[in-house]
Amino acid sequence: MITGLVLAAGRSERMGTPKQLLPFGGVTLIEHVVRTLTRSRLGKDVVVVLGDRAMDIVKRISGLPVRLAYNPDPEGDMVSSIRCGLAYIEPEQAIMIALGDQPLVTTGIVNRLFDEYEGRPEGMVLPVHDGKRGHPMILSPAYREEILFEAMPGGLKALRDRHSGSVRAVPVDTDAVLIDLDYRSEYEEALRRWKEEPDSGER
Numbered sequence: 000m001i002t003g004l005v006l007a008a009g010r011s012e013r014m015g016t017p018k019q020l021l022p023f024g025g026v027t028l029i030e031h032v033v034r035t036l037t038r039s040r041l042g043k044d045v046v047v048v049l050g051d052r053a054m055d056i057v058k059r060i061s062g063l064p065v066r067l068a069y070n071p072d073p074e075g076d077m078v079s080s081i082r083c084g085l086a087y088i089e090p091e092q093a094i095m096i097a098l099g100d101q102p103l104v105t106t107g108i109v110n111r112l113f114d115e116y117e118g119r120p121e122g123m124v125l126p127v128h129d130g131k132r133g134h135p136m137i138l139s140p141a142y143r144e145e146i147l148f149e150a151m152p153g154g155l156k157a158l159r160d161r162h163s164g165s166v167r168a169v170p171v172d173t174d175a176v177l178i179d180l181d182y183r184s185e186y187e188e189a190l191r192r193w194k195e196e197p198d199s200g201e202r
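Each residue of the sequence shown is one higher than the one before, starting from 0 at the first, in numbering that gives the first Met the number 0.
Below is the structure:
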């Protein structure tokens with residue numbers, strides 16, 4: 000019903016080093032994120048989109064139960080990676096779009112979103128914290144052709160705004176769904192938080 004789609008193709012220019020390969024919790028950042036998804040109700044139904052440093056990342060996640068897609072334009076926008084990933088996902092499947100640099104998102108959050116969509120499999124489902132929308136985000140198959148074949152200069156935000164009446168927000172009590180890692184200071188803060196509050200799987 001739902002396939003996880005991890006976006007991890009970017010060049011990490013602001014970080015100054017490939018953030019997917021930074022250490023996090025005894026593994027790399029991308030391993031940590033992917034394991035969170037595969038330990039959730041998504042199980043083995045996860046596609047990871049790679050781009051920059053793809054072969055180095057493959058070496059780290061090749062043992063995990065995921066399928067791999069490749070974005071030949073890692074400098075492209077998020078939509079370009081989603082399109083690459085959709086080539087590996089059956090048309091009738093919903094997708095849960097997860098960011099490869101959101102290590103504080105827990106299996107508990109993923110499962111809450113999964114359960115919300117499973118209860119009414121239509122539209123979009125996303126987490127909200129303190130009035131702000133975050134990721135992961137679930138899209139029903141109804142949006143597949145729009146993503147694949149229509150110009151999307153505004154990305155996912157524009158898609159969400161065009162279909163605002165179909166968006167279901169799931170409140171969460173953590174800002175983990177809002178935090179992605181672009182700078183070294185953000186990575187260090189996320190690592191500090193994770194060490195103090197390791198994923199219980201229940202948040």
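Backbone N, C-alpha and C fix where the C-beta goes; we use that ideal spot for every residue, glycine too.
Can you tell me where the beta strand (DSSP E) holding residue i begins and where it ends?
i: M0; result: Unbroken run through M0: none, as it is neither H nor E.
i: V104; result: Run containing V104: none; DSSP gives neither H nor E here.
i: V32; result: Per DSSP, V32 belongs to no beta strand (DSSP E); it is in the alpha helix (DSSP H), 28–37.
i: V48; result: 45–49
i: A68; result: 66–69
Take residue i and list the residues in its own chain whose beta-carbon comes closer than 6 Å to its own, dropping the five residues that flank it on each side.
i: V124; result: L112, E115, Y116, I137, R167
i: G133; result: P126, V176, L177
Could you check the C-alpha separation between residue i and residue j for me, to the nearest Å?
i: T27; j: G3; result: 19 Å
i: E201; j: L147; result: Because the pLDDT of E201 is 42, which lies under 50, any placement of that residue in the model is unreliable, and the number read from its coordinates should be weighed accordingly. So the two alpha carbons sit approximately 35 Å from each other.
i: L177; j: R40; result: 21 Å
i: G122; j: S139; result: 5 Å
i: A7; j: Q19; result: 7 Å
i: R82; j: G9; result: 15 Å
i: G153; j: G25; result: 37 Å
i: E149; j: K194; result: 43 Å
i: S199; j: L103; result: Its pLDDT being 47, under 50, S199 is placed unreliably by the model, and the measurement read from it follows with that caveat. Using only the alpha carbons, I get a separation of about 11 Å.
i: T16; j: M54; result: 15 Å
i: D255; j: R119; result: The requested residue 255 is not part of the displayed model; the chain covers only 0 to 202.
i: G75; j: A141; result: 24 Å
i: Y56; j: L49; result: According to the sequence as given, residue 56 is Ile; it is not Tyr. Their backbone Cα atoms lie some 8 Å apart in a straight line.
i: L155; j: G107; result: 24 Å
i: S203; j: Q101; result: The shown model of the chain, from 0 to 202, leaves out residue 203, and the question about it has no answer.
i: L63; j: L98; result: 17 Å
i: K43; j: K58; result: 18 Å
i: E185; j: S165; result: 32 Å
My guess is that residue i and residue j are in contact by the Cβ rule of under 8 Å, so how many angstroms apart are they, rounded?
i: V127; j: P170; result: 6 Å
i: P22; j: D51; result: 18 Å between Cβ atoms; not a contact.
i: T35; j: T105; result: 7 Å
i: D206; j: D174; result: Because the chain spans 0 through 202 in this model, residue 206 falls outside it and cannot be assessed.
i: M77; j: P135; result: 13 Å between Cβ atoms; not a contact.
Can you name the start and end residues of the alpha helix (DSSP H) that residue i belongs to?
i: V57; result: 53–60
i: L21; result: Element bounds for L21: n/a, residue is neither H nor E.
i: L85; result: 77–85
With a CB to CB cut of under 7 Å and the five nearest residues on each side skipped, what residues in its chain are close to residue i?
i: I60; result: I29, E30, V33, V47
i: S79; result: N70, D72
i: L190; result: F23
i: R221; result: No answer is possible for residue 221: the residues shown for the chain start at 0 and end at 202.
i: D181; result: R13, M14
i: A157; result: M151
i: K131; result: L177
Who are the near neighbours of residue i in its chain, counting only those whose CB is closer than 8 Å to its CB and skipping five residues on each side?
i: R66; result: V45, V46, V47, Y87
i: A93; result: M0, I1, T2, Y116, P120, I137, L138, S139, P140
| query | Mind pulling the beta strand (DSSP E) runs of 3 or more residues that sit fully within the segment 128–185? | reply | Within the segment 128–185, the complete beta strand (DSSP E) segments at least 3 residues long are 136–138, 166–170, listed from N- to C-terminus.
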